[in-house]
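J.: Sequential numbering from -15 applies to the sequence shown in our numbering.
Before I ask anything, here is the structure I am working with.
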Amino acid sequence: MLTFTNRTALVTGAGRGIGKAIAETLARHGVTVICVSKSADSCGAVAAAIVASGGKARALAVDVADGAAIAAASEALLKEFPTIDILVNNAGITRDGLLFRMSESDWNDVLTTNLTSCFHWTKLVGRPMTRARWGRIVNITSVSGVMGNAGQANYSAAKAGMIGLTKTLAREFASRSVTVNAVAPGFIKTDMTTEFVNNPEASVKILEAVPLKRFGEAADIANLVTYLCSEEAGYITGQVFNVDGGMAM
Ligand code: NAP
């Protein structure tokens, strides 16, 4: 069993998929989890299910593409929870297309939602965390940010940006015992990948590039994230961990 002593976590994109699995796994370890998603229904359902099963959680509907909304939500939150010990920047979207067909709004939407949101949350939640001299930040990037992926210039740029942010903040926050790491999933079965996973032709093609020959589960990511957030992971910072069935060796 991993060690968590009265810790509070904020997980963005906790309404579905990988973020939901992270919120549930942290809650099973006794962590109080603030579940953030865009729709009040999705984070509300996840927080209610955690509470119903004996855990501690609360829902917070915020559009992470809106910096002012993040600022207002954080200000209210930090009155209720003076320190948030764990921040998981997981919310993300795709707007795929080859570069010559990619609109500026598709570029901006993905950069704002996936990357700029991490800047805002980390700045706001990170200040009391560094003052408390203990913290864990995990950024959910992607194998696309590590290797690049045709058709995902916006997404790959945002995810690669998260890696640079992770390494820089690991250096800035190290003296305060706040670790900052990134996890790079490959193809994980969630709403984001349904169209590929459920398409026999596309899935055969994708799995050719996956040595373990299967799609990942949200739990595969949640288990590593939970470890990185635990007391036991205190000597790991500035790293990027691929959880991708061996795709990006
Ligand atoms: P998902 O099933 O589509 O869930 C995305 C979550 O993010 C939802 O809870 C959604 O909120 C939330 N979200 C999206 N935009 C938001 C916004 N503007 N404000 C607040 N919340 C927002 O995605 P997933 O597959 O679990 O992916 C989670 C993360 O892993 C993403 O960053 C993704 O890029 C990354 N990733 C996924 C894969 C994969 O194969 N699935 C691979 C590599 C990386 P609502 O529930 O309210 O809609």
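The C-beta atom is built at its ideal place from N, Cα and C for all residues, glycine as well.
May I ask you to report which of helix, strand or coil DSSP gives Pro112?
T.: Helix at Pro112.
J.: Helix, strand or coil for Phe271 per DSSP?
T.: Look at the range of the chain in this structure, -15 to 233, and you will see that residue 271 is not part of it.
J.: Heavy atom of the ligand NAP less than 7 Å from the Cβ of Val127, yes or no?
T.: Val127: yes, Cβ under 7 Å from the ligand NAP.
J.: Could you name the residues of the same chain whose beta carbon sits closer than 6 Å to that of Thr78, not counting the 5 residues immediately before and after it, in chain order?
T.: So the qualifying residues of the chain are Tyr139.
J.: If Thr67 and Thr(-8) are in contact, beta carbons under 8 Å, what's the gap, nearest whole angstrom?
T.: Their Cβ separation, rounded to whole angstroms, is 7 Å, which keeps Thr67 and Thr(-8) in contact under 8 Å.
J.: Opposite Phe225 in the DSSP bridges: which residues?
T.: BP columns for Phe225 point to Val167.
J.: Considering Cα atoms alone, identify which of Val17, Thr(-13), Asn(-10) is closest to Gly(-1).
T.: Checking every option, the nearest Cα to that of Gly(-1) belongs to Val17.
J.: What are the start and end residues of the alpha helix (DSSP H) that includes Val194?
T.: Careful: Val194 lies outside any alpha helix (DSSP H) and carries neither H nor E.
J.: Rounded C-beta distance between Trp118 and Ser159? I'm assuming under 8 Å.
T.: Rounded, the Cβ-Cβ distance is 12 Å, inconsistent with contact.
J.: Express the C-alpha separation of Lys63 and Phe84 in angstroms, rounding to a whole number.
T.: For Phe84 and Lys63, the distance between alpha carbons rounds to 46 Å.
J.: Any heavy atom of the ligand NAP closer than 7 Å to the Cβ of Asn74?
T.: Checking the Cβ of Asn74 against the ligand NAP gives yes.
J.: For Arg120 and Ile190, which I take to be in contact (beta-carbon distance under 8 Å), what is that distance rounded to the nearest angstrom?
T.: Contact doesn't hold; Cβ gap of about 31 Å is too wide.
J.: Are Gly251 and Lys151 touching if we call contact CB-CB under 8 Å?
T.: Nothing can be reported for residue 251, as the shown portion of the chain is limited to -15 through 233.
J.: How far does the alpha helix (DSSP H) with Val94 in it extend, from its first residue to its last?
T.: Where Val94 is concerned, the enclosing alpha helix (DSSP H) stretches over 88 to 95.
J.: Can you have a look at Gly1 and say buried or exposed, based on whether 16 or more other CB atoms are within 10 angstroms of its CB?
T.: Its Cβ being crowded by 16 or more others within 10 Å, Gly1 is buried.
J.: Check whether the Cβ of Gly(-1) lies closer than 8 Å to any Cβ atom in chain D.
T.: Given the protein chain composition of this structure (a single chain), no chain D is represented.
J.: Is the separation between the beta-carbon of Gly14 and that of Asn74 shorter than 8 Å?
T.: No; because the gap between Cβ atoms is not below 8 Å, this pair is not in contact.
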